[in-house]
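Let me begin by presenting the structure, written as structure tokens, before commenting on it.
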Amino acid sequence: NLSAGNTGEKIVLHTGTYIESVNFAQQNLDIVGFNSTNSGIVYIQGTLTMSAVASSQRIKGIMLDNLIHSGASNLYINECNLKTQFNKNGAGYCEILNSEFQPTTTANINGVGQTAFIGGKQKNVNVNNTGAVVTVNKSDNLTDFSVVNAYAIGIINSSVFTSTTGNNSINVTGTVAGT
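Put into structure tokens, the structure is as follows:
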């Protein structure tokens, strides 16, 4: 079982599958997969919700089915593998560094504030909030990026693709205040 932890703690998960859904509202919390790159996979089969209202939370080296960022805190995701869904509904900054979205993953950016994808592979990214600022920098594979509404979108030094022949790899159907 995943422990809820306390503010300012580090939760270290050992190799294995954790079949559960958990909500972490603690500030300054780190959730880290122990030696996940060398000795196996740390896999949360369920939903991990990060909902702190202030400060920051960090996740590193974990495979996740579903991840929700619903708080106003900053969330830093590093070297993670997202299998099914990522939802950013909160107002805090979100940085996704060197992480990979599986082909079936959907990433929904519905919250305000900035979301930064740096490195890694992103698939099926949907942006729908007039206060959202989304940047993609050095993506190895940005596939099927859809914008309904956003304040600003920036795609820098990235490879952009579509998974469906005849479709646009970037599709804007609403309003983008600045690009």
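This note's numbering applies: residue 1 is where the sequence shown begins, and numbers increase by one. Backbone N, C-alpha and C fix where the C-beta goes; we use that ideal spot for every residue, glycine too.
Cross-strand partners of residue i (DSSP beta bridge)
i, result
"CYS94", "LEU75, THR115"
"THR17", "TYR43"
"ASN108", "ASN87, ASN126"
"GLY33", "LEU13"
"ALA132", "GLY113"
"VAL22", "LEU48"
Limits of the beta strand (DSSP E) - the one that residue i falls within
i, result
"SER56", "56-60"
"THR143", "141-156"
"ASN168", "Run containing ASN168: none; DSSP gives neither H nor E here."
Three-state class that DSSP yields for residue i in the structure shown
i, result
"ILE41", "coil"
"GLN27", "coil"
"LYS138", "coil"
"GLY174", "strand"
"ASN160", "Checking the sequence, you will find Val at residue 160 rather than Asn. Looking at VAL160 - three-state DSSP - the assignment turns out to be strand."
Residue i CB to nearest heavy atom of the ligand MN below 8 Å
i, result
"LYS83", "Questions concerning the ligand MN fall outside what the structure shown contains, since it holds no ligand whatsoever."
*Hey, is the region 126-145 in contact with the region 90-110, meaning 3+ C-beta pairs nearer than 8 Å?*
With three or more CB-CB distances shorter than 8 Å, the region 126-145 counts as touching the region 90-110.
*Tell me, please, whether the region 160-179 touches the region 144-151 by the rule of three or more beta-carbon pairs shorter than 8 Å.*
Taking 8 Å as the limit for Cβ pairs, the verdict is that the region 144-151 does touch the region 160-179.
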